[in-house]
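Protein chains in written order, with the UniProt record's numbering: chain A, 1 to 282; chain B, 1 to 282.
There are 2 protein chains.
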Amino acid sequence: MTTKEEYTLFYWPGIPGRGEFVRLCFEKAGVAYKDNDDVPYFSKLLSGKQEDGVDVPHFAVPILGVHVPAEASDSIKKAKTDDAADVKHASGGKWHYISQTPAILNFLAPRLGLLGDADKLEGLERDVAIAHIQQLCATAFDLNTETHDTHHPVSVSSFYEDQKAEAKKRSADFRQNRLPKFLGVFELTLHKQREAANTETTGRRLVGTQTTVADLAVYQVIDGLLFAFPKCMQHLKQSGKYDRVFAHHDDLAAELQHYLESDRRRRYSNGIFRHYPELDDE
Amino acid sequence: MTTKEEYTLFYWPGIPGRGEFVRLCFEKAGVAYKDNDDVPYFSKLLSGKQEDGVDVPHFAVPILGVHVPAEASDSIKKAKTDDAADVKHASGGKWHYISQTPAILNFLAPRLGLLGDADKLEGLERDVAIAHIQQLCATAFDLNTETHDTHHPVSVSSFYEDQKAEAKKRSADFRQNRLPKFLGVFELTLHKQREAANTETTGRRLVGTQTTVADLAVYQVIDGLLFAFPKCMQHLKQSGKYDRVFAHHDDLAAELQHYLESDRRRRYSNGIFRHYPELDDE
């Protein structure tokens, strides 16, 4: 890369939420980023409150800001002839904004070295390996959304207390049917990798032998579930059916230990992952 | 590309569903594909029912099968030394399987010429333009999922009739809060494009001037909503707030006319998009 990119993560204050999927990427890669949780500031990037001069509307945070400093963007400008109108000098350089967690992770993964073994492949084999990383991320995000909907099955804009009866029904289905199905696909994925690696000491990642964005995404959602549904997760662990998923969680926790023990790691509270005892196993 | 890839879409019989997002890509591009709706056959690719020799588990359909015929995969084999174990000769060539609609579309978009103007860019500008296409697709898929959840807010494995009361509540919130918010972001996106194009005859696509996978994804979800919530959509249309979204839908319908009028286009029935009058506006 000839340009020096600087990254800012725009997200709600106080909660890990969907921003945490992005934060884990930077923390794992050891690449600097800024957190911006100034709601009035980032609201200007959202649809309906959009500033003039910002080209692309965003549905929600997380939003990744990619800043190319003036020097770098000037050199880009010299190399091209038709992009003068695009370059915003007011802020000293040029800003790009990307939203939607999957799009942000797809953008960052090759930049942060988080494609693992896929990065060594070429052509179709590379494209397929990247697609497998993306499909695992998408599955983790689906699980994340379904976890959120256990406490907000009717309306995201209403209080939990106003949809508690529905939340109990949805949570029961989630614990009995959905969660085991999701853990099952992660378990089988790890099993297939272990088989391919033909050893117990390698093949402990979801795609290939190196940590990818898929490992980070699955780690984060499992970690949130351990907070939100401690009894249910304990029962699933004791069942012995998902040993590789829980071992994978431990592996990643060890890999991310320095960050997880820092004050940059936000505590779960009343975001996506909430602990309501009445929604958990009895 | 040196290899000739052949595509098969594995999806449920009879309904457009999430498979339709993939089908529209092939149909728009005019690239051949096979439909495989043989449930016992594709079930073998799903987690828990997985055949030996299939490396990657899948949570659900749609699954895209990418087949590289024996000749082409032999030439790949000659060019590489370490992939002999990967090549499956039993089926005459090699198969790859990709699931999760966003991952499938990200894989197909550059192959089918559905990145529009982004394909002409390089470096960071290209990556950002592709990210914007992906974020719009993700927003369309979120709307798709929320539409599904209007009739199944409690459990995907139970009947609608058993969650009708909850469905009415969720649908009311969907019609009043969520749907206008989604349409608003698409409307503003089209507005910004039109401003950038500085003419009323161009700038009628979501990213740049050419049709991308984002246009197809947004078209499909709006089309499904017109079936599922005809009264609500009529009221939203009459509000005049989403004129560009409805014009975009008409544009895309004209572009896809040949396919839409064919018997390959499946009718909406009891899939993601269902018309229950009691969930629609009064």
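No residue lacks a Cβ here, since even glycine has one placed at the ideal position from N, Cα and C.
| Query | Result |
| --- | --- |
| Where does E125 of chain A sit, in a helix, a strand or coil, going by DSSP? | helix |
| Between I98 of chain B and chain A, is the shortest Cβ-Cβ distance under 7 Å, so that the two count as touching? | yes |
| Closer than 8 Å between beta carbons: that is the criterion. Which residues of the segment 51-73 of chain B meet it against chain A? | D55, V56, P57, H58, F59, V66, V68 |
| Any Cβ of chain B within less than 7 Å of the Cβ of H148 of chain A? | no |
| Which same chain residues, not among the five before or five after T211 of chain A, have their C-beta less than 8 Å away from its C-beta? | K28, L114, G116, R205, L252, E255 |
| Does chain A have any CB closer than 7 Å to the CB of L179 of chain B? | no |
| Within the same chain, show all residues whose beta-carbon is closer than 6 Å to that of F273 of chain B, passing over the 5 residues directly before and after it, in chain order. | G224, F227, A228 |
| For Q257 of chain B and R264 of chain B, I'd like the C-alpha separation in whole angstroms. | 12 Å |
| Return helix, strand or coil for T8 of chain A, following the three-state DSSP convention. | strand |
| On a CA-only basis, which of A:H148, A:V56, A:Y276, A:C137 is nearest T189 of chain A? Give me that one, please. | A:C137 |
| Taking all protein chains shown into account, do 16 or more other C-beta atoms lie within 10 angstroms of the C-beta of N144 of chain B, making it buried, or fewer, making it exposed? | buried |
| Please state the DSSP three-state secondary structure of I15 of chain A. | coil |
| Using the beta-carbon of each residue, which ones in chain A are nearer than 9 Å to Q135 of chain B? | V56, H58, F59, I98, S99, Q100, P102, A103, I104 |
| Are S47 of chain A and G184 of chain B close, meaning C-beta to C-beta below 7 Å? | yes |
| Any idea what DSSP makes of N36 of chain B, helix, strand or coil? | strand |
| I'd like to know whether the C-beta of F227 of chain B is nearer than 7 Å to at least one C-beta of chain A. | no |
| Can you check DSSP and say which residues form a bridge with H191 of chain B? | Its beta-bridge partners do not exist; DSSP assigns none. |
| Counting only beta-carbon separations shorter than 7 Å, does K169 of chain A have a partner in chain B? | yes |
| Taking the Cβ atom as the reference point for each residue, do D35 of chain B and L64 of chain B lie within a distance shorter than 7 Å? | no |
| So, with DSSP's three-state summary, where would you put K88 of chain A? | Caution is warranted here: a pLDDT of 41 is assigned to K88 of chain A, below 50, making its placement in the model unreliable, and the coordinate value is therefore given only provisionally. Coil at K88 of chain A, not helix or strand. |
| Whole angstroms are fine: how far does the CA of F107 of chain B sit from the CA of V128 of chain A? | 8 Å |
| Taking C-beta pairs closer than 7 Å, name the residues in chain B that D127 of chain A reaches, listed in chain order. | F107 |
| For chain B, find out if any of its Cβ atoms is closer than 7 Å to the Cβ of P40 of chain A; answer yes or no. | no |
| Which residues does DSSP pair with G65 of chain B in a beta bridge? | B:T8, B:Y97 |
| If you check the beta carbons only, do H191 of chain A and V56 of chain B fall under 7 Å apart? | no |
| Can you give me the C-alpha to C-alpha distance between C111 of chain A and F21 of chain A, rounded to a whole angstrom? | Note on residue identity: the sequence assigns Arg, not Cys, to residue 111 of chain A. For R111 of chain A and F21 of chain A, the distance between alpha carbons rounds to 15 Å. |
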